[in-house]
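Engineer: Under the working numbering, the letters of the sequence shown match residues 15 to 222, in that order.
Where is the CB? At the ideal position from N, CA and C, for every residue including glycine.
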Amino acid sequence: GKSTLIRCINRLVEASEGDIILFGQSIRPMGAAELRVLRRRIGMIFQEFNLVNRMSVMDNVLSGRLGYTGALRSLFKAFPRSDIEQALHILDRVGLADHVDKRADELSGGQRQRVGIARALMQKPEILLLDEPTSALDPKISRDVMSLISDLAREFAVPVLCNIHDVQLALEFCNRIIGLQDGYKKFDGPAKGMQKQDLDAIYAMEVL
């Protein structure tokens, strides 16, 4: 349910009822053109990375600018020099400056997720959506990736909405935690204020 919920925010999944307000706008009635413009403002980092394997790291990162680039320029990969320079800067920031020309499928899981982070930041987003960004990674790499995202969110001044199954990572890196159970909000407050009984309430199972 967490992935479905977060994907409703940029309408990768269509909500069946209710309303979604983002940037002061109701997004459910938006047509295709309005939705394309909205999605420029929303960066997303996926649990399975969603990279184009046969493309280079640089081309995957530059794809974050496709919403701002005309169809012809996109077809010939004629990105402005400013976009290329920004991509190089972000790749250096995520520790992949030496992998620019590698194909995405030559990278490790942690490196692939860093490409996904760089691509999302190339959009110059006003919000970042994270859909289980560490579920395909081992514990050490997971912590490194969450630390990197936390640092970059502050550096680029962009808020992050993350769904994550690892409670300890949420407590360590998130400012606010919302706990859901069966579609209802069971907890909403600062991470530092979350107690064991709050977790017990969220994860409680009815015994028949």
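Confirm, please, whether the CB-CB distance from L175 to I59 is below 7 Å.
Structural biologist: By 1-based counting over the sequence shown, the position of residue 59 is 45. By 1-based counting over the sequence shown, the position of residue 175 is 161. For I59 and L175, no; Cβs fall outside 7 Å.
Engineer: Give, in chain order, every unbroken run of the beta strand (DSSP E) that is at least 3 residues long and sits entirely within the region 141-195.
Structural biologist: 141-145, 174-177 and 190-195
Engineer: Measuring CA to CA, which of F170, D152 and G193 is closest to K210?
Structural biologist: What you label residue 210 is simply residue 196 of the sequence shown in a count that begins at 1. Checked all of F170, D152 and G193; the closest Cα to K210 is G193.
Engineer: Mind checking who K199 pairs with in its DSSP beta bridge?
Structural biologist: Counted from its first residue, the sequence shown places residue 199 at position 185. Per DSSP, L194.
Engineer: Based on the DSSP output, what are the partners of R117 in its beta bridges?
Structural biologist: Position 103 of the sequence shown, counted from the start, is the residue given in the question as residue 117. According to DSSP, R117 bridges with S70.
Engineer: Please classify H113 as buried or exposed, where buried requires at least 16 neighbouring CB atoms within 10 angstroms.
Structural biologist: Locating residue 113 in the sequence shown gives position 99, counting from the first residue. Buried, by the Cβ-count rule.
Engineer: With C-beta atoms as the reference, is A134 less than 7 Å away from L142?
Structural biologist: Position 120 of the sequence shown holds residue 134. Position 128 of the sequence shown holds residue 142. Contact: yes.
Engineer: I59 bridges to which residues according to DSSP?
Structural biologist: Along the sequence shown, read from residue 1 onward, the residue named residue 59 stands at position 45. For I59, which the question treats as bridged, DSSP gives the partners L144.
Engineer: With a Cβ-Cβ cutoff of 7 Å, do F63 and R126 count as a contact?
Structural biologist: On the sequence shown, position 49 is the one that residue 63 refers to. On the sequence shown, position 112 is the one that residue 126 refers to. Their beta carbons are under 7 Å apart, which means F63 touches R126 by this criterion.
Engineer: Does the pairing of the region 91-103 with the region 71-80 give three or more beta-carbon distances under 8 Å?
Structural biologist: As far as the Cβ criterion goes, the region 91-103 touches the region 71-80, which means the pair count is three or higher.
Engineer: When the Cα of V66 is compared with those of G45, D115, I35 and D119, which residue comes out closest?
Structural biologist: The residue you call residue 66 lines up with position 52 of the sequence shown. The shortest C-alpha separation from V66 is found at D119.
Engineer: Is it the case that the Cβ atoms of G124 and I163 are separated by a distance below 7 Å?
Structural biologist: Counting from one through the sequence shown, the residue named residue 124 turns up at place 110. Counting from one through the sequence shown, the residue named residue 163 turns up at place 149. Contact: no.
Engineer: Compare the C-beta of A47 against all C-beta atoms of chain D and say whether one is closer than 7 Å.
Structural biologist: Among the chains in the structure shown there is no chain D, since it carries only a single protein chain.
Engineer: Consult DSSP for G207 and reduce its assignment to one of helix, strand or coil.
Structural biologist: Translated into the one-based positions of the sequence shown, residue 207 becomes position 193. G207: helix per DSSP, three-state reduction.
Engineer: Within 10 angstroms of the Cβ of V71, are there 16 or more other Cβ atoms? Answer buried if so, exposed if not.
Structural biologist: Taking the first residue of the sequence shown as 1, we reach residue 71 at position 57. So V71 ends up on the buried side.
Engineer: Is DSSP giving I35 helix, strand or coil here?
Structural biologist: Position 21 of the sequence shown, counted from the first residue, corresponds to residue 35. Strand.
Engineer: Using 8 Å for Cβ pairs, my map puts Q172 next to E140. What's the rounded Cβ distance?
Structural biologist: Working through the sequence shown from its first residue, we reach residue 172 at position 158. Working through the sequence shown from its first residue, we reach residue 140 at position 126. Checking the sequence, you will find Val at residue 172 rather than Gln. Contact annotation, V172 with E140: C-beta distance approximately 7 Å; criterion of less than 8 Å satisfied.
Engineer: Helix, strand or coil: how does DSSP classify S122 here?
Structural biologist: If you number the sequence shown from 1, residue 122 lands on position 108. Three-state DSSP puts S122 in coil, outside helix and strand.
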